[in-house]
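Enquirer: Here it is, the structure in full.
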DNA sequence: TTGAAAGCGTTACCAA
DNA sequence: TTGGTAACGCTTTCAA
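Protein chains in written order, with full-length UniProt numbering: chain A, 1 to 344; chain B, 1 to 344.
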């Protein structure tokens, strides 16, 4: 970092203590209760207009901001919905889903907070989340066990929702079974007459949650057909792809499900550079239906993935919070369908 | 969403109240103070081993989890570092930077929280953040004014750091001037002999913070050279790119800075489909140095962007928190250099 | 080694 | 219409 000469230190704000509602009350010449009434527009109590004005003015003068912790301590509950911040960079698909969710929850007057649980794992992380006493917890991926769910519920969470491959006892589940993604691709490749199918499995850590089920899905699709499935570990690097392409003929594959569109692009480029014709010699199928697939030549066939709408999930959360008695819901939310273009 | 039949409602957990340290004390047959000592490993006080065991056991039996709000209320401070959650989907570059930052802050024992300020703007958002009494606030982009900084500081934030195009009075600044990105591209294109340069400006909302300075950077680079700069609004859609490519010859451009690698890919594909030779007829330069640029043919020239290391920023935050008296630091942190490949 | 009590900032109940 | 007071869960000082 390049240091730029600093401004002169401004006349120190005297490290003056943070103003509280008591300070506002004192300045306005009223009680703390009155301050609370005025600032929260409590309808059960009528406060005279001059008093209101004095309170508001005092609050503004002092730069008073209420203390959320104190408030929720007193109230006994908060409207915080907590999600762990994703550790691995996450694609545009998930980003969009998440910001939709965040908007929808915001409209329902919840506050969404992503908690950076760097290094914490599983039920250990659950404890850290529980300390914040969120009203609901949304957990993508696997890693949260029934223990963790229990901890969260016992500490007041009225809804725990997992977004992942399997149900967890006690939690609502949005099942996102990536097996389906691989399965669609497998069915498609088989229908296109491919008999020896490779499946790219990224070597980057953190992607196993997706890549394993996708691989299994292909296997399942090809199970009865007599076609073979070959696992292809691949790092997201040009050289790795080139090495894989170099031994392609020896592998004898006539089709490949490349995990997603980005790996597909990487592999397809390497194959073409190695003189393998796509789709004639080898069909390539990606997943995620990103824009880039449409820009490749040949245009990339891909598995379009349908995530649940953020609004639906927000409503599930809201429902669960209002009626914590109801049993946990389970929804299958991952839609997968092949978009057939020119690479297969 | 497809509803799956729910399990039978489990014997309701009786909506039993959340266990407090008082409950633990009662069960262990000690006072609340002792519980606190044991669970926090307070070194100033020696507690007998049998007592410790009883307390730990009671805590585990009850599933006791301390209440973060109560704790920080009592302590008068927290170790929460707050960032607004990005509203627009953010690329892999920023994702990596952020998760590095999060890890580094975690190692310094801070808790990183991304706050979903859906809909809130500027100083209004600052108030919402201030309610959480974070010890530090990191704000990417513009939008936070001196007012907002003041609100945050008065409510106890010991460090406010902006990551954006300009300094804000009272806050530490990590200046990320995207003008530099455009400038590098402009200098490069001029050096390659291009005289009529187009600059793609995405139509997607939320990207102006980056696209405007990048455009200005190109203008600045080309200012003295007699070369022209043409603004090219472009939506991230194939049709929009095709329309732009269709009138390319009429625009008479011999070079284009395409905002970033993804827009560059979009535009380059459209140009090639329209029979415009890249780089012979028109040079194309992207930005971000993503993998995909290396996979295109011709390989995409791009502006490699260097973000500060998450560790450096974490240390800045830590320093600022420990010594809030020191004046705000300003650092230029955005490095930009052209990676020349085959498209220019 | 342990316990009693005060206090952090809020809000809600009950009196005045 | 307003104010006093208690309570939320926790930590820490002081006393025993």
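The C-beta atom is built at its ideal place from N, Cα and C for all residues, glycine as well. All figures in this text were calculated on a predicted structure; none of them were measured in a lab.
Can you tell me whether residue 226/B is buried or exposed? The criterion is at least 16 other CB atoms within 10 Å of its CB, across all chains shown.
Expert: Residue mapping note: residue 226/B aligns to position 226 of the second chain, counting from 1. Residue 226/B comes out exposed.
Enquirer: Compute the Euclidean distance between the alpha carbons of residue 237/A and residue 216/A, then round it to the nearest angstrom.
Expert: Translated into positions along the first chain, residue 237/A becomes position 237. Translated into positions along the first chain, residue 216/A becomes position 216. The straight-line gap from Cα to Cα measures roughly 24 Å.
Enquirer: Compare the Cα-Cα distances from residue 92/A to each of 311/A, 289/A, 331/A and report the closest residue.
Expert: Translated into positions along the first chain, residue 92/A becomes position 92. Of the candidates 311/A, 289/A, 331/A, the one whose C-alpha sits nearest the C-alpha of residue 92/A is 289/A.
Enquirer: Which bits of chain A does residue 116/B rub up against, with CB to CB less than 8 Å?
Expert: The residue labelled residue 116/B in the question sits at position 116 within the second chain. Within 8 Å Cβ-Cβ: 102, 105, 106, 111, 112, 113, 114.
Enquirer: Over what stretch of residues does the beta strand (DSSP E) that includes residue 231/B continue unbroken?
Expert: Within the second chain, the letter at position 231 stands for residue 231/B. Counting along the chain, the beta strand (DSSP E) containing residue 231/B begins and ends at 228 to 234.
Enquirer: Taking Cβ to Cβ, would you say residue 282/A is nearer than 8 Å to residue 339/A?
Expert: Position 282 of the first chain, counted from the start, is the residue given in the question as residue 282/A. Position 339 of the first chain, counted from the start, is the residue given in the question as residue 339/A. For residue 282/A and residue 339/A, no; Cβs fall outside 8 Å.
Enquirer: Along chain B, which residues have their Cβ under 9 Å away from the Cβ of residue 236/A?
Expert: Walking along the first chain from the start, residue 236/A turns up at place 236. 291, listed in chain order.
Enquirer: Where does residue 377/B sit, in a helix, a strand or coil, going by DSSP?
Expert: Since the first and last residues shown for chain B are 1 and 344, residue 377/B lies out of range.
Enquirer: Interface residues of chain B around residue 156/A at Cβ under 7 Å?
Expert: Counted from its first residue, the first chain places residue 156/A at position 156. Those are 18, listed as they occur along chain B.
Enquirer: Chain A partners of residue 286/B, CB-CB under 8 Å?
Expert: Numbered from its first residue, the second chain carries residue 286/B at position 286. Here the premise fails: no neighbours, minimum Cβ distance about 13 Å.
Enquirer: Going by DSSP, name the residue or residues bridged to residue 366/B.
Expert: Given a span of 1 to 344 for chain B in the structure shown, any question on residue 366/B remains unanswerable.
Enquirer: If we count the other Cβ atoms within 10 Å of its Cβ and call it buried at 16 or more, is residue 245/A buried or exposed?
Expert: As a working note, residue 245/A is residue 245 in the first chain. When all chains shown are included, residue 245/A counts as buried.
Enquirer: Count Cβ pairs between the stretch 26 to 38 of chain A and the stretch 49 to 60 of chain A that sit closer than 8 Å; are there 3 or more?
Expert: Touching, yes.
Enquirer: Any heavy atom of the ligand SAH closer than 7 Å to the Cβ of residue 29/B?
Expert: Of ligands this structure carries none, so the ligand SAH is not represented either.
Enquirer: Terminal residues of the continuous alpha helix (DSSP H) containing residue 149/B?
Expert: Here residue 149/B corresponds to residue number 149 of the second chain, with the count starting at 1. Note, residue 149/B: alpha helix (DSSP H), 146 to 154.
Enquirer: If the cut is a Cβ gap below 8 Å, which residues of chain A does residue 67/B touch?
Expert: Mapped onto the second chain, residue 67/B falls at position 67. Here the neighbours are 73, 131, 133.
Enquirer: Under 8 Å Cβ to Cβ from residue 21/B, same chain only, skipping five residues before and after it: list those, please.
Expert: The residue you call residue 21/B lines up with position 21 of the second chain. These residues qualify, in order along the chain: 32, 35, 36, 39, 64, 66.
Enquirer: Along the stretch 252 to 268 of chain A, where does the CB come closer than 9 Å to a CB of chain B? Name the residues.
Expert: Correct list: 262, 265, 266, 268.
Enquirer: State the Cα-Cα distance for the pair residue 193/A and residue 142/A, rounded to the nearest angstrom.
Expert: Against the first chain, residue 193/A aligns to sequence position 193. Against the first chain, residue 142/A aligns to sequence position 142. Taking the straight line from one Cα to the other gives about 35 Å.
Enquirer: Establish whether the CB of residue 63/B and some CB of chain A are separated by less than 8 Å.
Expert: Position 63 of the second chain, counted from the first residue, corresponds to residue 63/B. Closer than 8 Å to some Cβ of chain A, the Cβ of residue 63/B qualifies, so yes.
Enquirer: Under 8 Å Cβ to Cβ from residue 81/A, same chain only, skipping five residues before and after it: list those, please.
Expert: Counted from its first residue, the first chain places residue 81/A at position 81. So the qualifying residues of the chain are 105, 110, 111, 112, 113, 134, 135, 136, 137, 138, 317.
Enquirer: Taking DSSP's pairing of strands, which residues face residue 196/B in a bridge?
Expert: Position 196 of the second chain holds residue 196/B. DSSP output for residue 196/B lists 228/B as bridge partner(s).
Enquirer: For residue 55/B, go through chain A and note every residue whose CB falls closer than 7 Å to its CB, in chain order.
Expert: Within the second chain, the letter at position 55 stands for residue 55/B. Those do not exist, as residue 55/B stays about 17 Å from chain A at its closest Cβ, beyond 7 Å.
Enquirer: Among the candidates 101/B, 44/B, 50/B, whose CA atom is the shortest distance from the CA of residue 314/B?
Expert: Counted from its first residue, the second chain places residue 314/B at position 314. Per the Cα distances, 101/B.
Enquirer: Using a cut-off of 8 Å between C-beta atoms, extract the partners of residue 295/A located in chain B.
Expert: Position 295 of the first chain, counting from 1, holds the residue named residue 295/A. Per Cβ cutoff of 8 Å: 238, 265, 266, 269.
Enquirer: Measure how close the beta-carbons of residue 265/B and residue 295/A come, nearest whole angstrom, since I'm counting them as under 8 Å.
Expert: In the second chain, the residue the question calls residue 265/B occupies position 265. In the first chain, the residue the question calls residue 295/A occupies position 295. About 6 Å separates the two Cβ atoms, so the contact holds.
Enquirer: What span of residues does the alpha helix (DSSP H) with residue 51/B cover, start to end?
Expert: Translated into positions along the second chain, residue 51/B becomes position 51. 49 to 62 is the extent of the alpha helix (DSSP H) around residue 51/B.
Enquirer: Closer than 8 Å by beta-carbon distance: list the chain A residues that pair up with residue 95/B, in chain order.
Expert: For this step, residue 95/B is matched to residue 95 along the second chain. Under the 8 Å cutoff, chain A gives 89, 90.
Enquirer: Since residue 160/B and residue 153/B should fall inside the 8 Å C-beta cutoff, what is the C-beta to C-beta distance between them, to a whole number of angstroms?
Expert: Within the second chain, residue 160/B is the residue found at index 160, counting from 1. Within the second chain, residue 153/B is the residue found at index 153, counting from 1. That pair is a contact at about 6 Å.
Enquirer: With H, G and I counted as helix, E and B as strand and the rest as coil, what does DSSP make of residue 140/A?
Expert: Counting from one through the first chain, the residue named residue 140/A turns up at place 140. DSSP places residue 140/A in strand when its eight states are reduced to three.
Enquirer: How about residue 150/B and residue 330/B: do their beta carbons lie closer than 8 Å?
Expert: The sequence position of residue 150/B within the second chain is 150, counting from 1. The sequence position of residue 330/B within the second chain is 330, counting from 1. In this structure, residue 330/B does not lie closer than 8 Å to residue 150/B by Cβ.
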